[in-house]
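Quick notes on the structure that follows.
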Amino acid sequence: MSEEFKVEIVNPEKSFLSKEDVTEVVVPAFEGEMGILKDHISIISFLKPGIIIIHSKSKQEKFYVEDGIVEFKNNNLSILTSSIFNLNEIEKNKIQDLIKLAEEESNKPEINDQSKYIVDQKIEVLKSLN
Amino acid sequence: MASLDDLKKRIASVKSTQKITKAMKMVAAAKLRRAQENAEKGRPYSEKMNNVILNLSNGISDKENAPKLLSGTGNDNVHLCVVMTSDRGLCGGFNSNIIKKAKSYFSKILNEGKELKIITVGSKGNDQLKRVYGDKIIENISFKESKNVNYFDADKVGKMVIKKFAAGEFDICIIFYNQFKNVITQIPQVQQIIPLNNEQDENISDESYEFEPDEDEILNNLLPKNISTQIFKAMLENSASEQGSRMSAMDNATRNAGEMVDKLTIEYNRSRQAAITKELIEIISGAESL
Numbered sequence: 001m002s003e004e005f006k007v008e009i010v011n012p013e014k015s016f017l018s019k020e021d022v023t024e025v026v027v028p029a030f031e032g033e034m035g036i037l038k039d040h041i042s043i044i045s046f047l048k049p050g051i052i053i054i055h056s057k058s059k060q061e062k063f064y065v066e067d068g069i070v071e072f073k074n075n076n077l078s079i080l081t082s083s084i085f086n087l088n089e090i091e092k093n094k095i096q097d098l099i100k101l102a103e104e105e106s107n108k109p110e111i112n113d114q115s116k117y118i119v120d121q122k123i124e125v126l127k128s129l130n
Numbered sequence: 001m002a003s004l005d006d007l008k009k010r011i012a013s014v015k016s017t018q019k020i021t022k023a024m025k026m027v028a029a030a031k032l033r034r035a036q037e038n039a040e041k042g043r044p045y046s047e048k049m050n051n052v053i054l055n056l057s058n059g060i061s062d063k064e065n066a067p068k069l070l071s072g073t074g075n076d077n078v079h080l081c082v083v084m085t086s087d088r089g090l091c092g093g094f095n096s097n098i099i100k101k102a103k104s105y106f107s108k109i110l111n112e113g114k115e116l117k118i119i120t121v122g123s124k125g126n127d128q129l130k131r132v133y134g135d136k137i138i139e140n141i142s143f144k145e146s147k148n149v150n151y152f153d154a155d156k157v158g159k160m161v162i163k164k165f166a167a168g169e170f171d172i173c174i175i176f177y178n179q180f181k182n183v184i185t186q187i188p189q190v191q192q193i194i195p196l197n198n199e200q201d202e203n204i205s206d207e208s209y210e211f212e213p214d215e216d217e218i219l220n221n222l223l224p225k226n227i228s229t230q231i232f233k234a235m236l237e238n239s240a241s242e243q244g245s246r247m248s249a250m251d252n253a254t255r256n257a258g259e260m261v262d263k264l265t266i267e268y269n270r271s272r273q274a275a276i277t278k279e280l281i282e283i284i285s286g287a288e289s290l
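Each protein sequence line maps, in turn, to chains A and B. According to this note's numbering, the first sequence is numbered sequentially starting from 1. According to this note's numbering, the second sequence is numbered sequentially starting from 1.
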């Protein structure tokens, strides 16, 4: 029996990625990292800033996301996100820009605890990429 | 009858107008293809989002305490209407169709004695509405600077709407936009985004999901995103419609200009011939009288 399932990543502009031969996906779910294998129970969760790792037979791909929703059903994994970058293609200065933006936001006085937590997380993840 | 010179000038001016409309048509056609592609590419996201929300709202056990964005405030006294139009003119009935639809809705609401607030997106809609409903317009947004429709802009509108909703400024939010069907048909749409219309879909599975964290938190997170997504979808449809509408309007204008040139040319030739005949008659009758 094959251990593969289908993953689809869509952002508002287009369908970002669609793969059929995926064996495992690790997503940064809100309550911690979550690995999804074939025949996982149907689940809906949302993402915090982090790295999505997609393992397929031939290779492994990494993406950086800032937010999003994951839905897994009938061995179809859909990831909806408004900001996603392929780590192989992203440039160093883009990461720097993102860090700067996030730090600015984190230093705003009116920020509430929850968004501060998320922004800090973002900074941490971005810094680890460098 | 106009003199030969005048006719000549008119023909030249109609011809140059035709050149302009033709060029605009070409540009619109090129832009249309891209806008249409974008609109089609954007559909999976909003559809998926809708599906997830439908699944979620079905799974909610406690309907009473559902988030306000989903269930509404329980009143329908204040209506917020987001009218989405273009920033540029010369696109046929595109803007007027939306405005017409919006105006009929406005008068219906006002007749029922309810309060009306308007947000206009795009300067053309603002121009047309401010004469009659100027005091109702609370915000006017225009994205003249952004070349393409992007999610960031939609998110700005969405966040503003949500902020106003959270502040209790309105009960019901409705967006007006043109849905792109094909180049000649665009259908003005009225869509209610707050509270969310729970259209029953047949293909809803009653399969249960596992939620992480719980339903409420996901819904609270998801609903604001959905608003931005719906607005983004409307913007994409709108931009495709605008280009389509402009293309067919400019096509008509080019054709009309062509007809006009033909008519004027015939008139020009006739009067030229008439002048020649007149001169000939004068010469001949002059010769005869000798």
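The beta carbon of each residue, even a glycine, is placed where N, CA and C say it ideally should be.
None of the residues of the segment 168-202 of chain B has a beta carbon lying less than 7 Å from any beta carbon of chain A. About 7 Å separates the beta carbons of residue 80 (chain B) and residue 172 (chain B), which is inside the 8 Å limit, making them a contact pair. A direct Cα-Cα distance of roughly 7 Å separates residue 67 (chain B) from residue 219 (chain B). In the structure shown, the three-state DSSP call for residue 73 (chain B) is coil.
As computed with DSSP, residue 84 (chain B) is found in a beta bridge with B:121. Out of A:110, A:117, A:100 and A:108, the CA that lies nearest to the CA of residue 127 (chain A) is found in A:100. DSSP places residue 111 (chain B) inside the alpha helix (DSSP H), whose first and last residues are 94-111.
Within chain B, the C-beta atoms nearer than 7 Å to that of residue 80 (chain A) come from 45, 48 and 49, in chain order.
In this structure, residue 178 (chain B) lies near residue 241 (chain B), with their beta-carbon atoms less than 7 Å apart. If you check the CB distance, residue 10 (chain A) and residue 44 (chain B) come in under 7 Å. Chain A places a beta carbon closer than 7 Å to that of residue 211 (chain B), counting this residue as a contact. By the Cβ-count criterion, residue 75 (chain B) is exposed, with fewer than 16 other Cβ atoms from all chains shown falling within 10 Å of its own Cβ. For residue 232 (chain B), the nearest beta carbon of chain A is closer than 7 Å to its own beta carbon. Rounded to the nearest angstrom, the gap between the Cα atoms of residue 51 (chain A) and residue 32 (chain B) is 36 Å.
Taking 8 Å as the upper bound for CB-CB distance, residue 18 (chain A) and residue 48 (chain B) are not in contact here, some 12 Å apart.
Under a criterion of Cβ atoms nearer than 9 Å, no residue of chain A is adjacent to residue 158 (chain B); the nearest Cβ is some 11 Å distant. Residues of the segment 8-39 of chain A with a C-beta less than 7 Å from any C-beta of chain B: 10, 11, 12, 13, 14, 15, 29, 30 and 31, listed in chain order. Around residue 83 (chain A), the same chain offers 66 as residues with beta carbons nearer than 6 Å, after the five sequence neighbours per side are excluded. Under DSSP, residue 34 (chain A) shares a beta bridge with A:27. Beta-bridge partners of residue 116 (chain B) (DSSP): B:79. Taken in chain order, the complete beta strand (DSSP E) segments of 3 residues or longer contained in the segment 191-279 of chain B are 210-212. Taken through DSSP and simplified to helix, strand or coil, residue 107 (chain A) comes out as coil.
The beta-carbon of residue 128 (chain A) is placed no less than 7 Å from the nearest beta-carbon of chain B. Close to residue 52 (chain A), with beta-carbon spacing below 9 Å, lies no residue of chain B; the smallest spacing is near 16 Å.
By the rule that beta-carbons nearer than 7 Å mark a contact, residue 63 (chain A) does not touch chain B. A distance of 7 Å or more separates the beta carbons of residue 87 (chain B) and residue 130 (chain B). For residue 20 (chain A), the CB contacts under 6 Å within the same chain, skipping 5 residues up- and downstream, are 6 in chain order.
Assignment of residue 67 (chain A) by DSSP, reduced to helix, strand and coil, places it in the coil class. C-alpha of residue 118 (chain B) to C-alpha of residue 81 (chain A): approximately 30 Å in a straight line. With a beta-carbon spacing of about 4 Å, residue 246 (chain B) and residue 28 (chain B) fall inside the 8 Å limit used to define contacts. For the pair residue 185 (chain B) and residue 53 (chain A), the Cα-to-Cα distance works out to about 44 Å. By the neighbour-count criterion, in which a residue is buried when 16 or more other Cβ atoms sit within 10 angstroms of its Cβ, residue 195 (chain B) is buried.
Close CB contacts of residue 92 (chain B) within its chain, under the 6 Å cut and outside five residues either way in sequence, are with 245 and 249 (chain order). Using a CB distance cut-off of 7 Å, residue 52 (chain B) counts as an interface residue toward chain A. Boundaries of the beta strand (DSSP E) harbouring residue 8 (chain A): 5-10, taken from the DSSP string.
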